[in-house]
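What the sequence shown shows, in the UniProt record's numbering, is residues 1 to 275, in sequence order.
What follows is a set of notes on a single structure, which appears directly below.
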Amino acid sequence: MSRTLSHGRLPEAFTTAGGASFTQFLGQHEPELLPGRRSLPGTPAIEAPHGTTIVSLAWPEGVLMAGDRRATMGNVIANRDVDKVFAADDLSLVGIAGTAGVAIEMVRLFQVELEHYEKIEGTHMSLEGKANRLAAMLRGNLGLAMQGLAVVPAFGGYDPDTGTGRIFSYDVTGGCYEEHRHHSVGSGAAFARGALKKLWRPDMGRDEAVRVAVEALYDAADDDSATGGPDVHRRIWPTVGVVGADGVTFLDEAALEDAVATVLETRRGNPGGAR
Numbered sequence: 001m002s003r004t005l006s007h008g009r010l011p012e013a014f015t016t017a018g019g020a021s022f023t024q025f026l027g028q029h030e031p032e033l034l035p036g037r038r039s040l041p042g043t044p045a046i047e048a049p050h051g052t053t054i055v056s057l058a059w060p061e062g063v064l065m066a067g068d069r070r071a072t073m074g075n076v077i078a079n080r081d082v083d084k085v086f087a088a089d090d091l092s093l094v095g096i097a098g099t100a101g102v103a104i105e106m107v108r109l110f111q112v113e114l115e116h117y118e119k120i121e122g123t124h125m126s127l128e129g130k131a132n133r134l135a136a137m138l139r140g141n142l143g144l145a146m147q148g149l150a151v152v153p154a155f156g157g158y159d160p161d162t163g164t165g166r167i168f169s170y171d172v173t174g175g176c177y178e179e180h181r182h183h184s185v186g187s188g189a190a191f192a193r194g195a196l197k198k199l200w201r202p203d204m205g206r207d208e209a210v211r212v213a214v215e216a217l218y219d220a221a222d223d224d225s226a227t228g229g230p231d232v233h234r235r236i237w238p239t240v241g242v243v244g245a246d247g248v249t250f251l252d253e254a255a256l257e258d259a260v261a262t263v264l265e266t267r268r269g270n271p272g273g274a275r
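Have a look at this one:
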């Protein structure tokens, strides 16, 4: 916050009782810090790094979310090792597709929003409440989306009320939709979704769920130039997060390398993956 301190004290806004929404607080006192409130000149769409592809799938103990590591800017690879899957809080994950810089900033604000709510209310926001808060942030970003800086995230988490994992998708206007079984967003989504349809099973274990996610990203990278496949020589693997009743965990490099090695071995001599 850019407000100057008076006599070494916090401004009155920080000591006055308010609501549980940090985004609303920011909008009242420092609206220019919100991503969607920034004005841009009426020029053609700005070219900025874009991130793709995110896959999400439900399994008996929760939700798994995985993302490739490539960011592109036009026909150029802007970055080879971008992280696109983050812990929103200790019971949910968010993955980003679209304009990378705006998306990462939105995720950070979303993380603070959930933490602020928990501190004010003394409890977690419901999973549907989290999904709807993220939708509101996307609606606030519509002005930037109209100028080419769109963000389309994926959100998933463990719902303690139902004891299941749930997945939500969005559009650039802030529309929020619950998905079932699996989903994918980003430029490689159509190819990843085809793999998920064939490989997903309701009784998958964690290791199989990881392999299915890596297979889906492999298929996306095989047909979509903006999606990066596993980079064996640089040792760049997908980011894979898992959330369940015991919280959020991210697979370490050794586990990811093993999963990628398994997929590559099954594709050896048969890269199309037909069985």
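The beta-carbon is built from N, C-alpha and C at its ideal position, and this holds for glycine as well.
Since this is a predicted model, take the numbers as computed values, not measurements.
Asked	Found
Based on the DSSP output, what are the partners of I236 in its beta bridges?	D231
Out of H50, A58, G19, which one is the CA nearest neighbour of G205?	A58
Applying the 10 Å Cβ sphere with the 16-neighbour rule, what's the burial state of A97?	buried
By DSSP's criteria, R166 is part of a beta bridge. Which residues make up the other side?	G157
According to the Cβ coordinates, are L196 and H180 closer than 8 Å?	no
State whether the stretch 226–235 contacts the stretch 131–147, with contact taken as three or more CB pairs (one from each stretch) at a distance under 8 Å.	no
How many Å lie between L144 and A150 at the Cα?	7 Å
Can you give the beta carbon distance from A103 to G51, rounded, assuming they're within the 8 Å contact cut?	7 Å
If you run the structure through DSSP and keep just helix, strand and coil, what is I104?	helix
Taking all protein chains shown into account, do 16 or more other C-beta atoms lie within 10 angstroms of the C-beta of K130, making it buried, or fewer, making it exposed?	buried
Check each candidate in F25, Y158, L251 and name the one with the smallest Cα separation from D89.	Y158
By the three-class DSSP mapping on this structure, what secondary structure does T23 have?	helix
Assign S126 to one of two classes, buried (16 or more other C-beta atoms within 10 Å of its C-beta) or exposed (fewer than that).	exposed
So, do the stretch 76–87 and the stretch 228–246 have three or more beta carbon pairs nearer to each other than 8 Å?	yes
Closer than 7 Å by C-beta to V263: which residues in its own chain qualify, once you throw out the five before and the five after it? Chain order, please.	R211, V214, E215, Y218
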